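Engineer: Next up is a structure, given as C-alpha cells.
2 protein chains.
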Amino acid sequence: MKIIVDAMGGDYAPEVVVNGAVAAAKEYGIEIILVGNEPVVASLLKKAKYDAGGISVCHAEEVIGMSEPAAASVRKKRNSSIVVGMELVKEGKGDAFFSAGNTGAVVCAATLSLRMLPGVERPGIAIVTPTLKGISLIIDVGANIDPKPMQLLQYAIMADAYCRYILNMHDPTVGLLNIGEEDTKGTDFVKEVHELFESGSFNFIGNVEGKDLFSGKCDIIVCDGFVGNVALKVSESLAEAMQEFLKRHILSNPLGKIGALLLRQSFSRFKKDIDYSEYGGAPLLGIDGVVIIGHGRSNAKAIKNAVRVAKEEVERKFNEKILEAIRPKVV
Amino acid sequence: MKIIVDAMGGDYAPEVVVNGAVAAAKEYGIEIILVGNEPVVASLLKKAKYDAGGISVCHAEEVIGMSEPAAASVRKKRNSSIVVGMELVKEGKGDAFFSAGNTGAVVCAATLSLRMLPGVERPGIAIVTPTLKGISLIIDVGANIDPKPMQLLQYAIMADAYCRYILNMHDPTVGLLNIGEEDTKGTDFVKEVHELFESGSFNFIGNVEGKDLFSGKCDIIVCDGFVGNVALKVSESLAEAMQEFLKRHILSNPLGKIGALLLRQSFSRFKKDIDYSEYGGAPLLGIDGVVIIGHGRSNAKAIKNAVRVAKEEVERKFNEKILEAIRPKVV
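Residue numbers (numbering that gives the first Met the number 0), protein chains in the order written: chain A, 0 to 330; chain B, 0 to 330.
Laid out in C-alpha cells, this is it:
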C-alpha cells in the first residue's frame with residue numbers, strides 16, 4: 000500500500016510532516032510518497048535518520064498557502080504539492096492522499112482530479128470528536144457550506160457506513176443538528192432534511208442540539224458545512240480557553256503548583272481526551288478515492304495517525320461500502 | 000423602578016426564581032412583581048422570609064412549558080405568566096420583563112405585545128461570554144434563525160450600543176462570524192452581510208471564525224440565530240464535558256483528591272470564569288421595551304444578576320441609545 004502525503008501542508012510543514020510520515024512508515028509498515036520540495040524534504044528525511052526504505056519523495060515546485068483562495072489556487076498552481084499528490088492517486092501511483100494543508104484546496108483538487116463516487120453529489124468532511132460516552136462523528140465541518148437537503152442525506156448514509164466499517168460501531172445512531180429537538184423546529188432547510196432523514200436507511204433519532212455534540216447522545220451528527228465548521232472551531236477555541244483559564248488560576252494560587260504536580264497524571268489524561276491528534280485526520284467522504292484532511296496545526300503524532308486512518312480506509316475498501324449503501328437510496 | 004419577573008419560567012421555577020427575586024430586591028432596592036401561580040408564589044415568598052416589601056405577586060393561571068411551540072402557545076395561553084407579564088410592561092405597570100422560561104415564547108410575546116423599536120425589523124438575543132481577554136457579546140443566539148442581511152446590520156448597531164452604554168466599552172470592535180477570515184469566504188448570505196457591515200457606523204474588523212469566540216479577538220460577534228444558537232449550546236456542552244473529563248481523571252488518580260483539595264480555590268475561580276450565572280440574563284434587543292431572557296437552568300444567582308441587567312437597561316434608558324444609533328443608518 001502506498002499513501003501519498005503532502006509534505007508542504009500544515010502550519011509546521013514540512014518538518015513535522017516528514018517526522019510523522021517516518022513514524023507512520025515504521026509503525027504501519029507501509030510505503031509513503033512525500034510530495035513537496037525535493038531537496039528540502041530529502042534533507043529532512045536525512046535529519047530524521049530514516050533509512051529503512053519505504054519512503055520516497057516526489058518533487059512539487061509550488062505550495063498552496065493556508066489562506067489562498069481554494070479554487071483559484073488549484074487551477075493556477077498545477078505544480079503544487081496538493082495538485083501533484085492528488086494526480087498521483089488518480090494515476091494509480093498511490094492508494095490514498097493526505098494533507099494538513101489548505102482544506103478548501105484539498106477538497107477542490109480532490110473533486111476535480113478524483114471526482115465524486117456515483118450517487119454522491121458533494122464531498123463532506125467528517126470529524127471524530129470525543130464525547131462523554133466515547134466518540135461521535137460530525138459531518139460536514141466545512142467542505143460544503145451551502146448544501147442541498149439531498150446532500151445531507153448522502154452525508155448521513157456515508158457517515159453511517161464510516162461508523163460501521165471504520166469505527167466498528169454497531170447500528171450507529173444519526174442526529175440532525177438543529178436548534179431544538181422538536182420536529183417542527185428550525186429553518187425550512189433543516190425541516191426538509193428532517194423529512195428526508197425519516198425515510199433514510201439509517202438509525203435516525205431526530206433532531207439534536209449543539210449541547211449534544213459532546214454528550215454522546217448519538218453517534219453521528221449531520222449538519223451543513225457552515226454550521227459544522229463554526230461548531231468545530233468554537234469547540235477548539237473553548238477547549239484552549241478553558242485550559243488557559245485553569246492554568247492562570249493554578250499559577251496564581253500559592254498551593255497551585257503542588258496541587259498541579261499531584262494532578263499531573265490526571266491533567267495529562269485529560270489533555271489526551273480532548274487532543275485532536277489522537278484521532279489524526281478527517282476523511283473527505285464521497286470522493287472516488289481515499290482523501291484524508293489533517294488539522295492545520297497537526298503535529299507529528301497527528302500526521303502519523305492520519306496516515307493510519309488513510310490505511311484503514313484503503314484496507315477495508317471503504318468506498319465500496321459507501322457505494323453499496325448509497326446506490327439503493329440515492330441513484 | 001419595577002421589574003416584572005416570570006415566576007414560572009426556568010427548569011427550577013418557581014422556587015429559585017422567587018429566591019433570586021428576593022436577593023435582587025434586597026441588593027438593588029427595586030420593586031419586583033412576580034407573575035405566576037399566586038398561592039404557590041406567595042408561600043415561597045413566605046418560606047424565603049422576605050417581608051421588607053417591594054415584592055408583589057400578580058396571578059397568572061397558566062404556564063407555557065419549556066418545549067411548547069412558541070407562537071401557538073403565546074396565542075392560546077393568554078393567561079400564562081409570560082403573556083401576562085409582558086402585558087404588564089405594555090400597560091406601563093412595569094419597566095422591564097425577565098423570564099428564564101421558554102425563549103421562543105418570550106421572543107414571540109415580546110414582539111406581539113411590545114412591538115419593535117422603529118427601524119428594527121426583528122429582535123435579537125445578545126449573550127455576554129467570557130473570553131481570554133475579558134468578555135464579548137454574541138448576537139443573535141436564537142431569536143431569528145433565518146434573518147435577512149439588513150437584520151444582521153441592525154444587530155451589529157444595537158450590540159455596539161449595548162457594549163458602549165451597558166458594558167461600558169470604548170469603541171467596541173465588531174466581527175462577522177464566518178468560516179474564514181478572507182472577505183471572499185462564506186455563503187452568499189454572509190458575503191452580503193459583509194458588504195453591508197463595511198459601510199456600517201461601527202468598528203467592523205471583518206470576518207472572524209468560530210475559534211475567535213473565546214479568544215477575545217473582537218468585542219461583538221454577529222451571526223444568524225441558527226449558527227449562534229448552535230455555537231452557544233456547543234460551548235455549554237463542551238464546558239460541561241471538559242469538567243466531567245477532568246473530574247473522572249482526578250477521581251481515578253490516587254493522589255487526585257489531595258491535588259484537587261490544594262487546587263480547590265483555583266477550580267472554584269475557574270468555574271466562576273465560565274459560569275453563565277455571573278452574567279445573568281441575555282437582553283432581547285430591538286424590542287420597544289426592556290426584555291431579558293434567562294438560561295433555562297438559571298439558579299437564584301443568575302436570576303438576581305438578570306434583574307440587575309434589566310435594571311441597568313432601564314436606568315440608562317438604553318432603548319433611546321439604540322434609536323439614536325439606528326435612525327440615521329436604517330430608517
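The beta carbon of each residue, even a glycine, is placed where N, CA and C say it ideally should be. Quick caveat, the model's predicted, so the values are computed rather than measured.
Would you verify that the beta carbon of A/T130 is, or is not, closer than 9 Å to some beta carbon of chain B?
Structural biologist: Yes, A/T130 lies at the interface with chain B (some Cβ there is under 9 Å from its Cβ).
Engineer: List the whole-angstrom C-beta distance separating A/G100 from A/I63, where the pair is believed to meet the contact cut-off of C-beta under 8 Å.
Structural biologist: 6 Å
Engineer: Take B/L151 and list the residues in its own chain whose beta-carbon comes closer than 6 Å to its own, dropping the five residues that flank it on each side.
Structural biologist: V192 and V221
Engineer: Could you name the residues of chain A that B/F332 contacts, counting a contact when the two beta carbons are closer than 9 Å?
Structural biologist: Absent from the structure is residue 332 of chain B, since the part of chain B shown begins at 0 and ends at 330.
Engineer: Can you tell me whether A/V289 is helix, strand or coil according to DSSP?
Structural biologist: It is a strand residue.
Engineer: Quick one: grab the DSSP three-state call for B/E243.
Structural biologist: helix
Engineer: What is the DSSP secondary structure of A/V330, reduced to helix, strand or coil?
Structural biologist: The pLDDT assigned to A/V330 is 45, lower than 50, so where the model puts this residue is not dependable, and the model offers no usable value.
Engineer: B/D218 touches chain D at which residues, Cβ-Cβ below 8 Å?
Structural biologist: The structure shown contains no chain D; the protein chains it does contain are A and B.
Engineer: If you pair each beta-carbon of the stretch 136-151 of chain B with each one of the stretch 219-236 of chain B, do three or more pairs fall below 8 Å?
Structural biologist: yes
Engineer: Identify every residue that forms a DSSP beta bridge with B/G225.
Structural biologist: The residue you asked about is not Gly; residue 225 of chain B is Phe in the sequence shown. Looking at the DSSP assignment, B/F225 forms no beta bridge with any residue, so it has no partner.
Engineer: For the stretch 139-152 of chain A, enumerate the residues whose C-beta is nearer than 9 Å to any C-beta of chain B, in chain order.
Structural biologist: G141, I144 and D145
Engineer: For A/S98, write down the residues that DSSP places opposite it in a beta bridge.
Structural biologist: A/I292
Engineer: From A/D145 to A/S98, what does the alpha carbon distance come to, in whole angstroms?
Structural biologist: 24 Å
Engineer: Where do the ends of the beta strand (DSSP E) carrying A/N167 lie?
Structural biologist: Here A/N167 belongs to no beta strand (DSSP E), and DSSP marks it neither H nor E.
Engineer: Does DSSP put B/N304 in a helix, a strand or coil?
Structural biologist: helix
Engineer: Might you give, ordered along the chain, the residues of its own chain that have their beta carbon closer than 6 Å to the beta carbon of A/G288, omitting 5 neighbours on each side?
Structural biologist: If the five residues before and after A/G288 are omitted, its C-beta is found closer than 6 Å to the C-beta atoms of V88 and L113, all from its own chain and listed in chain order.
Engineer: Flag this pair as yes or no: are the beta carbons of A/I124 and A/V106 separated by less than 9 Å?
Structural biologist: yes
Engineer: Strictly by DSSP, which residues pair up with B/E312?
Structural biologist: In the DSSP output, where bridge partners are listed per residue, B/E312 has none listed.
Engineer: Counting contacts by CB-CB distance shorter than 9 Å, is B/C57 in contact with chain A?
Structural biologist: no
Engineer: What in chain B is Cβ-close to A/I257, meaning under 7 Å?
Structural biologist: L261
Engineer: By Cβ distance, which residues of its chain are closer than 6 Å to A/G53, with the 5 residues on each side in sequence left out?
Structural biologist: A24 and E30
Engineer: Since B/S236 meets chain A, which of its residues come closer than 8 Å, beta carbon to beta carbon?
Structural biologist: G209, K210, D211, L212, F213 and S214
Engineer: At 8 Å on the CB atoms, spell out the chain A contacts of B/E181, in chain order.
Structural biologist: S66 and P68
Engineer: Could you please give me the residues that DSSP links to A/N252 through a beta bridge?
Structural biologist: Under DSSP, no beta-bridge partner is assigned to A/N252.
Engineer: Going by DSSP, what residue range makes up the alpha helix (DSSP H) through B/K76?
Structural biologist: Premise fails: B/K76 is in no alpha helix (DSSP H) and is neither H nor E.
Engineer: Of all the options B/C162, B/P253, B/A259 and B/L254, which has the alpha carbon lying nearest to the alpha carbon of B/Q242?
Structural biologist: B/A259
Engineer: Taking C-alpha atoms, which residue in B/I178, B/M0 and B/V17 lies nearest to B/K300?
Structural biologist: B/V17
Engineer: Residues in the same chain with beta-carbon distance under 7 Å from A/F201, minus the five sequence neighbours each way, listed in chain order, please.
Structural biologist: A155, I156, D159 and V173
Engineer: B/S198 CB to nearest chain A CB: under 9 Å?
Structural biologist: Not an interface residue.
Engineer: Look at the alpha carbon of A/K256 and the alpha carbon of A/H248, and state the distance between them as a whole number of angstroms.
Structural biologist: 10 Å
Engineer: Report the CB separation of B/V39 from B/C57 in whole angstroms; it is logged as a contact under 8 Å.
Structural biologist: Between B/V39 and B/C57, the beta carbon gap of about 13 Å keeps them out of contact (Cβ cut-off 8 Å).
Engineer: Where do the N-terminal and C-terminal ends of the beta strand (DSSP E) with B/F203 fall, by residue?
Structural biologist: N202 to V207
Engineer: Under 9 Å, Cβ to Cβ, is there at least one residue of chain A near B/C222?
Structural biologist: yes
Engineer: Do we get a CB-CB distance below 9 Å when we pair A/V229 with the residues of chain B?
Structural biologist: yes
Engineer: Suppose you measure from the CA of B/G345 to the CA of B/E37; what does that come to, to the nearest Å?
Structural biologist: Nothing can be reported for residue 345 of chain B, as the shown portion of chain B is limited to 0 through 330.
Engineer: What residue does the beta strand (DSSP E) around B/S55 start on, and which one ends it?
Structural biologist: I54 to H58
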